[in-house]
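Its first residue numbered 196, the sequence shown is counted upward by one per residue in the working numbering.
Glycine included, each C-beta is placed from N, C-alpha and C at the ideal position.
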Amino acid sequence: MTETKPTQSAKQFTLNVLNGISIGVIVALVPSALLGQLMLALKGVLPFANTIITLTNFSMTLLPVVSGLCVAMLFKMTPIQSSSLAIVAMMGAGNWKLLPTGGFGVQGTGDVINIMVTIAIGVLIIQVLGTRMKAYTILLLPAPTLVIAGGLGLLTLGPIHAITVAIGEGIMAVTKLQPVMMGTLLAMIFAALILTPISSVGIATAISLSGIASGSANLGITACGFALAIFGSQANSLGTSLAHFLGSPKIQMANMLEKPKLFIPVIINAGILGALGAIFNVKGTPMSAGFGFSGLIGPMAALNGGTNVIVITILFFVLPIALAIVSKLVFAKQMDFMHDSDFMLSYE
196 MTETKPTQSA
206 KQFTLNVLNG
216 ISIGVIVALV
226 PSALLGQLML
236 ALKGVLPFAN
246 TIITLTNFSM
256 TLLPVVSGLC
266 VAMLFKMTPI
276 QSSSLAIVAM
286 MGAGNWKLLP
296 TGGFGVQGTG
306 DVINIMVTIA
316 IGVLIIQVLG
326 TRMKAYTILL
336 LPAPTLVIAG
346 GLGLLTLGPI
356 HAITVAIGEG
366 IMAVTKLQPV
376 MMGTLLAMIF
386 AALILTPISS
396 VGIATAISLS
406 GIASGSANLG
416 ITACGFALAI
426 FGSQANSLGT
436 SLAHFLGSPK
446 IQMANMLEKP
456 KLFIPVIINA
466 GILGALGAIF
476 NVKGTPMSAG
486 FGFSGLIGPM
496 AALNGGTNVI
506 VITILFFVLP
516 IALAIVSKLV
526 FAKQMDFMHD
536 SDFMLSYE
């Protein structure tokens, strides 16, 4: 592979990091999203269902490593550089801890924002060092990259986590508003959060978002997933389009952050669906709030919360598609505000 050189623009550097993390999210989280609820439902009949649940849950903990490797590939790094960056990403994730026994415990995906920061630092260090060490690269590159980038990642974890908590507290304040207004705002907030490095699931669980507030937040992400799938349907393959709502809308993170105006039609759709969720008393749990339609987690939580199947079908499937089609006609066809190419994803 070619040597990594610090010649890219700041914009391309940022897009590489964001796109790499977006791909990492797909690879690490989609298996659990697709199989989690199905295996839970089949535990009574399939003896290996628990094993599949364990495998998919563990894959989520590898999000930092996978994201690091994906970013490294976009920067065309060598195997040694790529491996070093993957290790560095894990250091800054914050999803591991030293156990009293001397071993290590890993839980969750880690802080995605800090993963991004740590990876960016690691890329810069690797770009500076490059392959200047020649035959000694395998000995001398991993150590300084780990110590400097990994160490800085550990230092930034606390402050960045504090920012995440502050965002959560702000969202909690919204839940005290009138139900329909609350549903509208929460849906819009979570539709926006899912398209950033911030973990919507992490925020929802951190503030114990439940009941109607959770249902509205989930519907916001559902609206977001279907909207982005349909907005870019002519630019992306069928599989990629389906991944927006069966997996996670976060795969569009780089495109959305590059062109912030694209958030407007998405959060409008989310707000409408969130308000309807509050009106129809759609409920959820802290864990379901941040997932949307993914793995049918949102619809199943709503069903368990007492919402009937017809309402669930309309709110979680029919209306998100209808809103997406209408908003595409308005914003793309009539206003020329956006184009399918704005949402194009490439994993080559």
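Close beta carbons around residue i, own chain, < 6 Å, minus the five adjacent residues each side
i, result
"I248", "M234"
"P259", "A284, M285, A288, G305, I310"
"S204", "none"
"I505", "none"
"S394", "V307"
"K527", "First, the residue type needs correcting, since residue 527 is Ala and not Lys in the sequence shown. Closer than 6 Å at Cβ, skipping near neighbours: M533."
Pairwise C-alpha distance: residue j and residue i
i, j, result
"A236", "L491", "11 Å"
"M530", "S522", "10 Å"
"T197", "V396", "Low local confidence applies: a pLDDT of 44 at T197 is under 50, so the model's placement there is unreliable, and no value is given."
"Q302", "P242", "25 Å"
"G485", "L380", "15 Å"
"L510", "S428", "21 Å"
"N214", "I321", "19 Å"
"L423", "H439", "7 Å"
"G434", "I446", "13 Å"
"I389", "V220", "11 Å"
"K371", "S405", "13 Å"
"Q207", "T332", "26 Å"
"K292", "G348", "14 Å"
"S541", "I467", "31 Å"
"L524", "K454", "19 Å"
"N499", "G493", "10 Å"
Under 7 Å between C-beta atoms of residue i and residue j
i, j, result
"A519", "A465", "no"
"L341", "I282", "yes"
"V307", "P392", "yes"
"G472", "L414", "yes"
"F421", "P515", "yes"
"G305", "G289", "yes"
"V160", "C419", "In the structure as shown, the chain starts at 196 and stops at 543, and residue 160 therefore has no counterpart that could be examined."
"I416", "G346", "no"
"S254", "P226", "yes"
"L457", "M533", "yes"
"A497", "V513", "no"
"T246", "L230", "no"
"A223", "L264", "no"
"A344", "I316", "yes"
Sequence-distant residues of the same chain with beta carbon closer than 7 Å to residue i, five excluded per side
i, result
"A430", "D535, S536, F538, M539"
"M311", "V212, I216, P392"
"G378", "I407, S411, G469, A470, G472, A473"
Cβ-based neighbour list, residue i, same chain, cut-off 8 Å, excluding 5 preceding and 5 following
i, result
"P337", "I275, S278, S279, I282"
"I355", "D306, I308, N309, V312"
"I384", "I366, V369, A412, G415"
"I358", "I308"
"T351", "G287, N309, V312, T313"
"P339", "I320, L324"
Residue burial classification, residue i (beta-carbon count within 10 angstroms, cutoff 16)
i, result
"M448", "buried"
"A382", "buried"
"T273", "buried"
"S489", "buried"
"G239", "exposed"
"P201", "Unreliable placement is indicated for P201, whose pLDDT of 46 sits below 50; the coordinate value is still reported in the next sentence. Exposed: under 16 other Cβ atoms inside 10 Å."
I'd like to know if the region 477-491 and the region 407-420 are in contact, where contact means that at least 3 CB-CB pairs between them fall below 8 Å. Contact between the region 477-491 and the region 407-420 is present, with at least three C-beta pairs closer than 8 Å.
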